[in-house]
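Residue numbers (the working numbering), protein chains in the order written: chain A, 1 to 250; chain B, 251 to 398.
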Amino acid sequence: SAAEIAELWRDYKDGGTSHARERLILHYSPLVKFVAGRVAAGLPQNIEQSDLVSYGIFGLIDAIDKFDPGRGYKFETYAISRIKGAIIDELRSIDWVPRSVRAKARAIERAYSKLENELRRSPEDKEVATELGLTEDELATTLGQISFVGVVALDELLSAGSERGSGATVGDTIAGSGHDPVAAFESEEMRQVLADAINRMPDRERLVLTLYYYEGLTLAEIGNVLGVTESRVCQIHTKAIFQLRSRLSE
Amino acid sequence: VDELRAMKAECNDVENALSYRRRLAQARIEILEAEHERRALGGTVEDLVKDLPRILSAESGRSSITDTRVPPPDSPGVELHWPDGREQLVADTTLAHLPLLPDDELESTIERLHAFERELSELRHRMHEVIDAVEGEIAERQVAGTAG
Ligand SMILES: Nc1nc2c(ncn2[C@@H]2O[C@@H]3COP(=O)(O)O[C@H]4[C@@H](O)[C@H](n5cnc6c(=O)[nH]c(N)nc65)O[C@@H]4COP(=O)(O)O[C@H]3[C@H]2O)c(=O)[nH]1
Ligand SMILES: Nc1nc2c(ncn2[C@@H]2O[C@@H]3COP(=O)(O)O[C@H]4[C@@H](O)[C@H](n5cnc6c(=O)[nH]c(N)nc65)O[C@@H]4COP(=O)(O)O[C@H]3[C@H]2O)c(=O)[nH]1
């Protein structure tokens with residue numbers, strides 16, 4: 001009941017004992033399972049779920065220590081965003097993407113940026129491949145190794161225009177929500193900025209991005225609707241994200 | 251299409267609320283079962299708290315890259331009420347007073363949570379079927395619109 005929970009908070013905020021804090025941690029720890037599940041979706045298997053949960057628990061403890069019950073807002077909402085922030089921060093700092101993939105992604109993104117500026121339109125696969133000194137097949141394979149799905153990838157998408165937090169990002173300027181990519185994405189303003197950028201893209205990329213970000217389909221479902229293979233949809237999505245990022249950061 | 255979108259938005263709200271409570275129920279089951287084990291094997295509650303990362307991730311699945319959706323809003327969502335108040339199963343202070351819970355109550359709570367989790371999963375699955383059908387319809391029209 002609400003009264004019992006209020007008492008748990010009073011015990012901790014008045015007495016500050018580790019025993020009282022432990023009771024709050026136990027009571028609210030299911031929130032960590034919820035958040036960790038959402039952040040984990042789409043992450044590679046080498047990232048252990050138990051690690052995500054333990055980063056999340058630190059976020060929960062932080063939220064418990066900082067929460068002011070007198071303030072009148074709901075603890076769950078506050079805790080969920082701190083837990084998510086803690087997990088994402090930790091993933092950023094351990095740089096969860098293998099270095100070689102990171103390097104390839106940067107090279108491809110630079111190629112798109114450069115060609116867009118020179119050609120004043122979206123470059124074709126052939127042009128991007130030539131710019132990178134790859135065959136079209138090699139480019140397709142490389143695109144297949146990079147993927148941008150899930151909460152952490154959304155975070156990286158919204159930080160277009162900033163290399164690892166060195167400057168203002170699209171996400172920061174709009175939502176002011178710091179590390180909550182989902183909240184940033186949910187804001188009306190951000191959805192408009194993204195929609196405008198997406199509408200200016202070539203047909204197929206625009207469809208994939210619209211169906212993924214605005215209609216909530218999975219890449220597999222998009223593949224079904226478009227009549228293309230899953231790996232092909234993955235490549236189109238990755239390519240589209242590079243193009244989107246280069247437009248968002250100009 | 252606007253009506254389809256409105257219907258989908260409503261279903262998504264309910265789906266989000268169901269998924270949230272389903273995860274909480276799963277977490278509570280995992281913690282209570284760990285407590286059950288702790289009582290059988292000995293060990294402190296403090297150790298159990300340290301062990302939460304393993305406890306809360308043991309059963310967890312993860313979707314692959316192609317089966318992942320854009321992240322839904324991370325809020326508890328709309329309120330859900332059952333006539334017998336079973337939504338309290340994921341909100342009460344059982345976990346806070348874990349060691350004080352009598353053995354038989356521990357077991358009966360685990361059973362009730364299992365039943366509740368199954369029910370939430372079933373309702374959630376049905377919502378997915380509706381949402382996926384509506385999304386499929388909207389997507390088909392968008393693809394057709396682009397082609398035409
Ligand atoms: N990609 C993806 N697939 C999904 C999702 N939800 C359900 N599925 C798929 O549908 C199967 C049945 O799910 P369920 O009826 O909810 O039935 C589930 C649920 O009742 C329960 N369960 C699932 N995850 C957990 C967990 O983390 N902890 C606990 N205690 N139980 C869980 O175990 C049952 C079997 O789970 P699975 O073997 O994983 O099998 C799951 C999984 O393959 C989703 O959000 N994303
Ligand atoms: N329209 C529609 N929506 C769907 C469907 N399946 C899941 N969702 C919703 O989309 C969220 C993200 O799903 P996910 O990317 O598969 O990401 C899932 C998945 O990776 C994992 N997960 C949850 N339950 C299961 C399960 O039973 N088995 C497995 N293997 N993974 C699960 O945890 C993540 C978060 O789960 P939730 O918090 O429940 O959040 C889920 C749920 O609210 C579907 O078929 N149609």
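For glycine and all other residues, C-beta sits at the position ideal for the given N, C-alpha and C. Just so we're clear, the structure is a prediction, and the values are computed from it rather than from any experiment.
Backbone CA spacing between residue i and residue j [nearest angstrom]
| i | j | result |
| --- | --- | --- |
| residue 202 of chain A | residue 209 of chain A | 11 Å |
| residue 56 of chain A | residue 276 of chain B | 17 Å |
| residue 266 of chain B | residue 325 of chain B | 8 Å |
| residue 167 of chain A | residue 87 of chain A | The predicted position of residue 167 of chain A is uncertain, since its pLDDT is 46 and thus under 50; no value can be drawn from it. |
| residue 35 of chain A | residue 183 of chain A | 13 Å |
| residue 207 of chain A | residue 238 of chain A | 13 Å |
| residue 299 of chain B | residue 318 of chain B | 30 Å |
| residue 9 of chain A | residue 180 of chain A | 26 Å |
| residue 383 of chain B | residue 64 of chain A | 41 Å |
| residue 283 of chain B | residue 151 of chain A | 30 Å |
| residue 67 of chain A | residue 347 of chain B | 21 Å |
| residue 363 of chain B | residue 327 of chain B | 20 Å |
| residue 196 of chain A | residue 244 of chain A | 10 Å |
| residue 126 of chain A | residue 44 of chain A | 30 Å |
| residue 249 of chain A | residue 115 of chain A | 15 Å |
| residue 223 of chain A | residue 212 of chain A | 11 Å |
| residue 253 of chain B | residue 226 of chain A | 23 Å |
| residue 200 of chain A | residue 191 of chain A | 14 Å |
| residue 220 of chain A | residue 387 of chain B | 16 Å |
| residue 130 of chain A | residue 246 of chain A | 18 Å |
| residue 38 of chain A | residue 292 of chain B | 33 Å |
| residue 340 of chain B | residue 288 of chain B | 21 Å |
| residue 16 of chain A | residue 270 of chain B | 30 Å |
| residue 2 of chain A | residue 256 of chain B | 34 Å |
| residue 345 of chain B | residue 26 of chain A | 6 Å |
| residue 103 of chain A | residue 83 of chain A | 29 Å |
| residue 315 of chain B | residue 69 of chain A | 39 Å |
| residue 321 of chain B | residue 158 of chain A | 14 Å |
| residue 399 of chain B | residue 46 of chain A | No answer is possible for residue 399 of chain B: it lies beyond the span of chain B, which begins at 251 and ends at 398. |
| residue 351 of chain B | residue 22 of chain A | 16 Å |
| residue 240 of chain A | residue 264 of chain B | 31 Å |
Nonlocal neighbours in the same chain, by C-beta distance under 8 Å from residue i, ignoring five residues either side
| i | result |
| --- | --- |
| residue 286 of chain B | 356, 357 and 360 |
| residue 309 of chain B | 276 and 280 |
| residue 252 of chain A | Past the edges of chain A, shown from 1 to 250, lies residue 252 of chain A, and the structure says nothing about it. |
Helix, strand or coil at residue i according to DSSP, with G and I counted as helix
| i | result |
| --- | --- |
| residue 41 of chain A | coil |
| residue 347 of chain B | coil |
| residue 217 of chain A | coil |
| residue 67 of chain A | coil |
| residue 134 of chain A | coil |
| residue 294 of chain B | coil |
| residue 316 of chain B | helix |
| residue 335 of chain B | coil |
| residue 7 of chain A | helix |
| residue 74 of chain A | coil |
| residue 181 of chain A | helix |
| residue 227 of chain A | coil |
| residue 306 of chain B | coil |
| residue 263 of chain B | helix |
| residue 95 of chain A | coil |
| residue 190 of chain A | helix |
| residue 352 of chain B | coil |
| residue 240 of chain A | helix |
| residue 202 of chain A | coil |
| residue 363 of chain B | helix |
| residue 146 of chain A | coil |
| residue 59 of chain A | helix |
| residue 321 of chain B | coil |
| residue 48 of chain A | coil |
| residue 89 of chain A | helix |
| residue 197 of chain A | helix |
Cβ-heavy atom distance, residue i to ligand 4, below 6 Å
| i | result |
| --- | --- |
| residue 376 of chain B | Within the structure as shown, ligand 4 is missing, the only ligands being ligand 1 and ligand 2. |
Contacts around residue i, its chain only, beta-carbon distance under 7 Å, and the 5 residues preceding and following it disregarded
| i | result |
| --- | --- |
| residue 296 of chain B | none |
| residue 242 of chain A | 108, 109 and 112 |
| residue 79 of chain A | 28, 31, 60 and 63 |
| residue 349 of chain B | 295 |
Chain-order list of residues whose beta-carbon lies under 6 Å from that of residue i (same chain, five-residue window excluded)
| i | result |
| --- | --- |
| residue 90 of chain A | 55 |
| residue 121 of chain A | none |
| residue 41 of chain A | 150 |
Task: Quiz: which residues have CB nearer than 6 Å to ligand 1 non-hydrogen atoms - done: B:276, B:279, B:280, B:309, B:310, B:311, B:313, B:317, B:367, B:371 and B:375
Open item on the list: Does the contact criterion of 3 or more C-beta pairs under 8 Å hold for the segment 40 to 57 of chain A versus the segment 65 to 81 of chain A?
Closed with: no
Task: Meets three-Cβ-pair contact criterion under 8 Å: the segment 291 to 309 of chain B and the segment 43 to 54 of chain A - done: yes
Task: Validate contact between the segment 368 to 388 of chain B and the segment 20 to 34 of chain A using beta carbons, cut 8 Å, 3 pairs - done: no
Task: Meets three-Cβ-pair contact criterion under 8 Å: the segment 224 to 240 of chain A and the segment 126 to 143 of chain A - done: yes
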